[in-house]
Amino acid sequence: MSVHRPQSPIAAPLRRLVVFVAALSVAIPPPPARLASATEPSSVQSFATTQIDPRVQAALERKGELVLRNTPLRDALLSISETWDINIVVNETVEGEVNGVFRDTPLREILDAVLDANGLTYHPVGPSLVVKQRGGRDEINPFFQSATISMGVAKPEEVLEGAKLLASPQGHVQAIPSANSLVVFDHPDRINVIRRYVAQLDSAARHVASESASGLANLETMIFAPQYIDAKSLENVVRSLISQDGKIGLMELENRLVVFDYSSNLTRIAETVRRVDVPRPQVRITALIYDLSIEDIERLGINWSSAGKWSRDAAGAA
Numbered sequence: 001m002s003v004h005r006p007q008s009p010i011a012a013p014l015r016r017l018v019v020f021v022a023a024l025s026v027a028i029p030p031p032p033a034r035l036a037s038a039t040e041p042s043s044v045q046s047f048a049t050t051q052i053d054p055r056v057q058a059a060l061e062r063k064g065e066l067v068l069r070n071t072p073l074r075d076a077l078l079s080i081s082e083t084w085d086i087n088i089v090v091n092e093t094v095e096g097e098v099n100g101v102f103r104d105t106p107l108r109e110i111l112d113a114v115l116d117a118n119g120l121t122y123h124p125v126g127p128s129l130v131v132k133q134r135g136g137r138d139e140i141n142p143f144f145q146s147a148t149i150s151m152g153v154a155k156p157e158e159v160l161e162g163a164k165l166l167a168s169p170q171g172h173v174q175a176i177p178s179a180n181s182l183v184v185f186d187h188p189d190r191i192n193v194i195r196r197y198v199a200q201l202d203s204a205a206r207h208v209a210s211e212s213a214s215g216l217a218n219l220e221t222m223i224f225a226p227q228y229i230d231a232k233s234l235e236n237v238v239r240s241l242i243s244q245d246g247k248i249g250l251m252e253l254e255n256r257l258v259v260f261d262y263s264s265n266l267t268r269i270a271e272t273v274r275r276v277d278v279p280r281p282q283v284r285i286t287a288l289i290y291d292l293s294i295e296d297i298e299r300l301g302i303n304w305s306s307a308g309k310w311s312r313d314a315a316g317a318a
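Just so it is clear: in the sequence shown, position 185 is 185 by the working numbering, and no numbers are missing.
This is the structure in structure tokens:
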């Protein structure tokens with residue numbers, strides 16, 4: 001015999017709601033760890049899944065000197081272990097030679113340079129570092145952090161190449177034009193260097209944009225009417241002097257040049273035009289023409305034609 005218990009009018013909907021929530025929690029997987037929100041300026045998040053031993057972290061940041069000349073890679077790593085007093089585990093597959101000179105360089109950068117050149121990487125295990133083959137370009141260094149660096153005026157596509165040059169060998173920089181920002185995956189100090197670089201470029205771009213916006217209203221017009229050269233020749237000279245916002249108009253028939261630019265720039269252009277528009281150097285030739293008659297010629301000099309008509313007396317006088 002079955003027994004039917006009367007239910008409260010709220011019980012059935014509540015049960016369905018519980019079942020729906022349970023099904024929803026199964027159907028929807030938990031959200032992945034958020035790297036960094038594009039709307040959060042300069043947000044930073046670590047990729048380390050386990051707590052890194054403070055001794056390992058301190059050793060990686062400690063600076064030192066190292067000279068390697070045709071040194072087997074295994075010997076180089078053992079030398080680093082002794083110099084920086086840190087445990088390094090190397091398996092038998094690690095081989096090759098390495099050359100390098102490092103002065104006042106953190107151990108982290110030395111390991112990045114030496115291991116990356118040989119397709120290797122490392123990760124912390126307790127108080128030790130384990131060297132292994134790099135799994136691929138998508139493998140994330142456990143010491144890396146992510147940061148979203150937002151920009152105001154500068155464009156991320158224009159800053160991207162310079163930021164990549166400042167990243168570590170395994171670091172990654174990606175531009176996000178829609179958020180006008182850069183996403184950087186790298187060591188904290190590299191992130192700070194890239195952040196300062198972006199800030200400098202953004203500040204310069206902001207300054208230029210501010211000058212351009214405030215200066216458009218200060219553009220003036222000046223008309224040049226050269227006297228000794230033609231306006232078309234003068235146009236080539238002035239075009240090299242105008243600003244980015246300046247414009248030139250040629251009135252060839254009137255031999256005039258109309259220049260639209262900032263007042264300070266127009267002053268410089270006017271001075272240049274004054275020096276260029278000068279008379280061409282010329283040679284002055286003076287000619288004197290004399291018209292002489294035969295009578296004028298006879299009155300000049302000695303008339304040698306009468307020399308044969310001379311006579312002398314007995315005393316010898318002419």
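Just so you know, even glycine gets a beta-carbon here, dropped at the ideal spot from N, CA and C.
| query | result |
| --- | --- |
| Collapsed DSSP secondary structure at Val184 in the structure displayed | strand |
| Whole-angstrom C-beta distance between Ala117 and Val98, which should lie under 8 Å | 7 Å |
| Alpha-carbon spacing of Gly119 relative to Ala199, whole angstroms | 33 Å |
| Reference Glu61; option with closest CA among Leu257, Leu107, Pro54 | Leu107 |
| Buried or exposed (CB count within 10 angstroms, at least 16 for buried), Tyr228 | exposed |
| At least three beta-carbon pairs within less than 8 Å, the stretch 82 to 102 to the stretch 121 to 131 | yes |
| Sufficient close CB pairs (3 or more, under 8 Å) joining the stretch 232 to 241 to the stretch 281 to 294 | no |
| Entirely enclosed alpha helix (DSSP H) segments - the stretch 217 to 281, minimum 4 residues | 231 to 239, 263 to 276 |
| Environment of Ser168 [buried if 16+ CB atoms lie within 10 Å] | buried |
| Beta-carbon proximity of Val273 to Leu219, cut-off 8 Å | no |
| Neighbour-count burial assignment, Gln51, 16 or more Cβ in a 10 Å radius | exposed |
| Other residues of its chain near Phe102: CB distance less than 7 Å, five sequence neighbours each side excluded | Glu65, Leu66, Ile110 |
| Closest residue to Val114 among Ser150, Glu82, Pro72 (Cα-Cα distance) | Pro72 |
| Those residues which DSSP pairs with Thr71 across a bridge | Val98 |
| Secondary structure of Glu82, DSSP reduced to three states | helix |
| Helix, strand or coil at Ala199 [DSSP, three-state] | helix |
| Exposed unless 16 or more other CB atoms sit within 10 angstroms - verdict on Arg190 | buried |
| Beta strand (DSSP E) runs wholly inside the stretch 108 to 154, at least 3 long, in chain order | 120 to 125, 128 to 133, 145 to 150 |
| Test item: CB-CB of Lys232 and Glu254 under 8 Å | no |
| Residue from Ala147, Met151, Ser263 with nearest C-alpha to Val183 | Ala147 |
| Arg62 in three-state terms, based on DSSP | coil |
| Boundaries of the beta strand (DSSP E) in which Val159 is found, first to last residue | Element bounds for Val159: not the beta strand (DSSP E) but the alpha helix (DSSP H), 156 to 166. |
| Counted within 10 angstroms of its Cβ, other Cβ atoms place Ile194 as buried (16 or more) or exposed | buried |
| Burial state of Asp322 (16 or more Cβ within 10 Å) | Here the chain has residues from 1 to 318 only, and residue 322 is not among them. |
| Beta strand (DSSP E) segment containing Val87, residue limits | Sequence check: residue 87 is Asn here, not Val. Its beta strand (DSSP E) spans residues 87 to 89. |
| Between the CA atoms of Asn192 and Pro29 - distance to the nearest angstrom | Below a pLDDT of 50, predicted positions are generally treated as unreliable, and Pro29, at 40, falls in that range; no measurement from the model is reported. |
| Whole-number beta carbon distance between Gly152 and Arg206, since they are thought to touch under 8 Å | 6 Å |
| Presumed contact (8 Å Cβ cut-off) between Pro177 and Glu158, rounded CB distance | So it is not a contact: roughly 10 Å between Cβ atoms. |
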